[in-house]
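Encoded as structure tokens, the structure appears first; notes follow it.
Structure below.
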């Protein structure tokens, strides 16, 4: 058995026996989600939770007043922002905004890897936000789907800090991530009690042949957004004939269209990236 096989088996065994340390959803996101799930939760109730985090409150206000959501009257307090956006949208936005907290490395070697992973996630999330309207899918949840699609890579990168054979071999680390991140990502989102539509994103976004007998969904949006994010790079996915990938047809998008370069999308793409920075 070679090193790669040993590492793969080690991760899978640790995952099966709950020894692999998985990330937890930040407390403020959990509290907001719990509050939203209560039928009688008011904007004031949710505002009290969010207001404890001054930085998060400021960012939510900024987003509410941004071109992405702005209306004629400026919003000046959190309660009004929540009432304006709606509980469900606020829940998704809060979950998205706190996600970056988990992409923190404790060594210089993996810090670059973590930063790159977060940058890729935000790029995909911004494209998801723009694409979602095409399929009539809620934009805020599509953005969250883009952010969490590779969440399974996170515990692998964290664990690699204590494994020299992974930490010092970027090619091997990438192989392990590619083979395991969908399996681990599915487990993480199930543990977080995310809806099945988002659990499926983590589990199936690498399945480019996926073609269920249902309408377009978040997995389709993430598959297309992920591919679009690689345009102009040497990523292996750019060598594939995208016209054969069902997600494009399911979303009603021509495979040769570059979403990123469409002028009317530029402002939204940049606003989402700024919001998640």
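Numbering (my numbering), first residue to last: 756 to 1032. Idealized CB from N, CA, C, for every residue including glycine.
In chain order, which continuous runs of the alpha helix (DSSP H) of length 4 or greater are located wholly inside the segment 867-954? With a minimum length of 4 residues, the continuous alpha helix (DSSP H) runs that stay inside the segment 867-954 are 894-903, 908-915, 919-922 and 925-946.
Which residue marks the beginning of the alpha helix (DSSP H) containing residue 782, and which one marks its end? 782-792
Measure how close the beta-carbons of residue 1015 and residue 882 come, nearest whole angstrom, since I'm counting them as under 8 Å. 7 Å
On the CB-based measure, 16 or more other CB atoms within 10 Å of its CB, does residue 809 come out buried or exposed? exposed
Alpha helix (DSSP H) runs wholly inside the segment 800-848, at least 4 long, in chain order: Fully enclosed alpha helix (DSSP H) runs of no fewer than 4 residues occupy 809-819 and 833-840 of the segment 800-848, in order along the chain.
Can you list, in chain order, the residues of its chain with a C-beta nearer than 6 Å to that of residue 956? Leave out the 5 residues immediately preceding and following it. 900, 904, 973, 974 and 977
Measuring only the C-alpha atoms, how far is residue 1000 from residue 963? 6 Å
Ignoring anything shorter than 4 residues or poking outside the segment 957-996, list the alpha helix (DSSP H) runs there in chain order. 973-984
6 Å Cβ shell around residue 993 - same chain, five flanking residues per side excluded: 985
For the 8 Å Cβ check, are there 3 or more pairs between the segment 914-932 and the segment 944-952? no
Where residue 1005 falls: helix, strand or coil (DSSP): Note: residue 1005 maps to helix in three-state DSSP.
Measuring alpha carbon to alpha carbon, tell me which residue in 807, 860 and 802 is nearest residue 838. 802
Status (buried if at least 16 other CB within 10 Å, exposed otherwise) for residue 885: buried
Determine the burial state of residue 772: buried for a count of at least 16 other Cβ atoms within 10 Å of its Cβ, exposed for fewer. exposed
Proximal residues to residue 1071 (C-beta, below 7 Å), its chain only, five neighbours per side dropped: Residue 1071 is absent from the structure shown; the chain starts at 756 and stops at 1032.
Are the CB atoms of residue 950 and residue 857 nearer to each other than 8 Å? No.
When you compare each of 926, 867, 853 and 862 to residue 780 by their alpha carbons, which one comes out closest? 853
To the nearest angstrom, how far is the alpha carbon of residue 786 from that of residue 804? 7 Å
Is the Cβ-Cβ distance between residue 1030 and residue 818 less than 8 Å? yes
Within the continuous alpha helix (DSSP H) that includes residue 1030, where are the two ends? 1021-1031
Which two residues bound the contiguous alpha helix (DSSP H) that contains residue 758? 758-771
Can the beta-carbon of residue 908 be found less than 8 Å from the beta-carbon of residue 936? yes
Under 8 Å, do residue 940 and residue 906 count as touching if we go by C-beta distance? Contact flag set, yes.
Please name the residue in 876, 861 and 842 whose C-alpha comes closest to that of residue 1042. What is shown of the chain runs 756 to 1032, which leaves residue 1042 out entirely.
So, with DSSP's three-state summary, where would you put residue 853? helix
Which residues in the same chain as residue 1008 place their Cβ atom closer than 7 Å to its Cβ, once the five residues preceding and following it in sequence are excluded? 889 and 979
Using the Cα positions of residue 897 and residue 813, report the straight-line distance between them to the nearest angstrom. 23 Å
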